[in-house]
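Visitor:
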Amino acid sequence: MRDRRHFDEDDIRVRARGGSRPRTRRRPKHENARPGFVTAVDRGRYRCLVDDRPVVAMKARELGRGSIVVGDVVALVGDLSGRPGTLARVVRVEERTSVLRRTADDTDPVERVIVANADQLVIVVALADPAPQPRFIDRCLVAAYDAGLVPLLCLTKADLAPPDPLVETYSPLGLRWVVTRRDGDLSALRAHLTGRISVLVGPSGVGKSTLVNLLVPEARRAVGQVNAVTGRGRHTSTSAVALPIGAPADTGSLERLLAAREGGVDRGELDHGWIIDTPGVRSFGLAHVAPDDVVVAFPDLAEAVAECPPGCSHLPGGGCALDDWLAEGRVNPDRVASFRRLLASREGDSER
Ligand SMILES: Nc1nc2c(ncn2[C@@H]2O[C@H](COP(=O)(O)OP(=O)(O)OP(=O)(O)O)[C@@H](O)[C@H]2O)c(=O)[nH]1
Ligand SMILES: [Zn+2]
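Start counting the sequence shown at 1; every next residue gets the next number (UniProt numbering).
1. Compute every distance between the C-beta of D159 and the non-hydrogen atoms of ligand 1, then say whether any falls below 7 Å.
2. Under three-state DSSP, which class holds V55?
3. Could you compute how far the alpha carbon of H272 sits from the alpha carbon of V124?
4. Could you check whether L200 and D324 sit closer than 8 Å to each other, using their CB atoms as the reference points?
5. Strictly closer than 5 Å from CB to any heavy atom of ligand 2: give me those residues in the order they appear in the chain.
6. Consult DSSP for A16 and reduce its assignment to one of helix, strand or coil.
7. Here's the rule I'm using: 16 or more other beta-carbon atoms within 10 Å means buried, otherwise exposed. How should G263 be labelled?
8. Is it right to say D146 is buried, meaning 16 or more other beta carbons lie within 10 angstroms of its own, or is it exposed?
9. If you compare alpha carbons, which of G148, P163, D164 and T169 is closest to D138?
10. Can V206 be considered in contact with ligand 1, in the sense that its beta carbon sits closer than 7 Å to one or more heavy atoms?
11. Terminal residues of the continuous alpha helix (DSSP H) containing S98?
12. Roughly how many whole angstroms lie between the Cα atoms of A344 and H30?
13. Rounded to the nearest angstrom, what separates residue 390 and P163 at their Cα positions?
14. Between R25 and the rest of its own chain, which residues show a CB-CB distance below 8 Å, the 5 nearest in sequence each way excluded?
15. Flag R182 as yes when its Cβ comes closer than 7 Å to any non-hydrogen atom of ligand 1, and as no otherwise.
16. State the beta-bridge partners of F37 as determined by DSSP.
17. Pick out the complete beta strand (DSSP E) segments inside the region 107-173, 3 residues or longer, and give them in chain order.
18. Tell me which same chain residues have a C-beta within less than 6 Å of the C-beta of C312, skipping the five on either side of it?
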């Protein structure tokens, strides 16, 4: 992401003419573009981190209808000072390492990318008030595996109820988990967040905002700055916001974080990460996910499903091996029910 890593021919030609740079009426000189990280999006305005400062940008017309979302790494030109009232232009969106999508609901085939480049989905669930919904967890697991994000189960409000039943269900599946409470120690959660770009998702009231404010005490202020630019209130925004945790963020530390994914940098050497809060996203539609990819979130059922006839819908009847395994008591009925509910909801039956 270091800028001007390469010179293209155009750049060399300009220099070869010598003397003063020619005044041109050409398009922006993209070879001079600088890298930025999109931390918030609000109605056509993109808040980007450039070096260590926030810059507000618009999309260059030449980008057309392509979307820019939180987590995108972009190339920017124009006024990159970050001074109030200035507006830079995004001229390029770099290739995404992951995309987290949702559909408006399970039967709506229109995919919407919510977040780019994340590598962890933090599924925030309260141990009580509201009571945990394993179906919500299962749905998020499907979305995470589909998007190539590692899931982390974050069980909040540990002061109200013990984590045991959920941990007993999910830790045998290889799911990593942490337990938190607002008056407790968050170091285990912090350790999981360091060196990653994490998306937080959870039902209303589980304590997500509480957690974000504990992790990033200045979060409110940072969010306020976005709105000072756009003139709109936080309450009207349902879009995602990326917040740095740990060491102060700049595009250099982001570069190391992205390199860690390819093994170029040891994740243990990183001292910062990003959390992406998604206030408007309560869950994920799964219309775009194939049945085989739903199975991935249910490793405890994989052995049974392997005995199914080809093309099995895995719904009751129709020769699904799960029926036999259920009858023989070899699989957990709650898990089968959750699996089948997710599959059925994808085909248009309402889950709720
Ligand atoms: N007992 C207990 N209550 C908590 C804890 N964390 C948060 N709460 C309370 O739970 C309620 C919801 O917390 P929020 O942080 O607003 O939850 P949220 O997930 O952001 O909710 P939405 O804004 O609706 O998405 C508030 O009344 C918090 O004070 C906790 O660890 N223990
Ligand atoms: Zn089947």
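Every residue, glycine too, gets a C-beta built ideally from N, C-alpha and C.
Guide: Walking through what the data contain:
1. Mapped onto the sequence shown, residue 159 falls at position 159. Yes, since a heavy atom of ligand 1 falls inside the 7 Å radius drawn around the Cβ of D159.
2. In the sequence shown, the residue the question calls residue 55 occupies position 55. The answer is strand: DSSP assigns V55 an E or B state.
3. Position 272 of the sequence shown, counting from 1, holds the residue named residue 272. Position 124 of the sequence shown, counting from 1, holds the residue named residue 124. Going from the Cα of H272 to the Cα of V124 covers about 21 Å.
4. As a first step, residue 324 must be located in the sequence shown, where it is residue number 324. As a first step, residue 200 must be located in the sequence shown, where it is residue number 200. Not closer than 8 Å, so no.
5. C308, C312, H314 and C320
6. As a working note, residue 16 is residue 16 in the sequence shown. In this prediction, A16 has a pLDDT of 36, which is less than 50 and means its spatial position is unreliable; what the coordinates show is noted afterwards. It is helical.
7. Translated into the one-based positions of the sequence shown, residue 263 becomes position 263. Counting Cβ neighbours within 10 Å, G263 comes out exposed, since fewer than 16 surround it.
8. As a first step, residue 146 must be located in the sequence shown, where it is residue number 146. With 16 or more Cβ atoms within 10 Å of its Cβ, D146 is classed as buried.
9. For this step, residue 138 is matched to residue 138 along the sequence shown. Measuring from the Cα of D138, the nearest candidate turns out to be T169.
10. Mapped onto the sequence shown, residue 206 falls at position 206. Checking every heavy atom of ligand 1 against the Cβ of V206, one is found closer than 7 Å.
11. Along the sequence shown, read from residue 1 onward, the residue named residue 98 stands at position 98. Neither: S98 is in no alpha helix (DSSP H) and is coded neither H nor E.
12. Residue 344 sits at position 344 when you count from the first residue of the sequence shown. Residue 30 sits at position 30 when you count from the first residue of the sequence shown. Computed Cα separation, rounded: 48 Å.
13. Look at the range of the chain in this structure, 1 to 352, and you will see that residue 390 is not part of it.
14. What you label residue 25 is simply residue 25 of the sequence shown in a count that begins at 1. Since pLDDT at R25 reaches only 49, below the 50 mark, its modelled position is unreliable, and the value read off the structure follows with that caveat. Excluding residues within five positions, none has a Cβ falling inside 8 Å.
15. On the sequence shown, residue 182 is found 182 positions in, with the first residue counted as 1. Answer for R182: yes, Cβ within range of ligand 1.
16. What you label residue 37 is simply residue 37 of the sequence shown in a count that begins at 1. F37 is bridged to L49 and V73.
17. 111-116, 120-126 and 150-156
18. Counted from its first residue, the sequence shown places residue 312 at position 312. For C312, where only same-chain residues beyond five positions count, the Cβ hits under 6 Å are C320.
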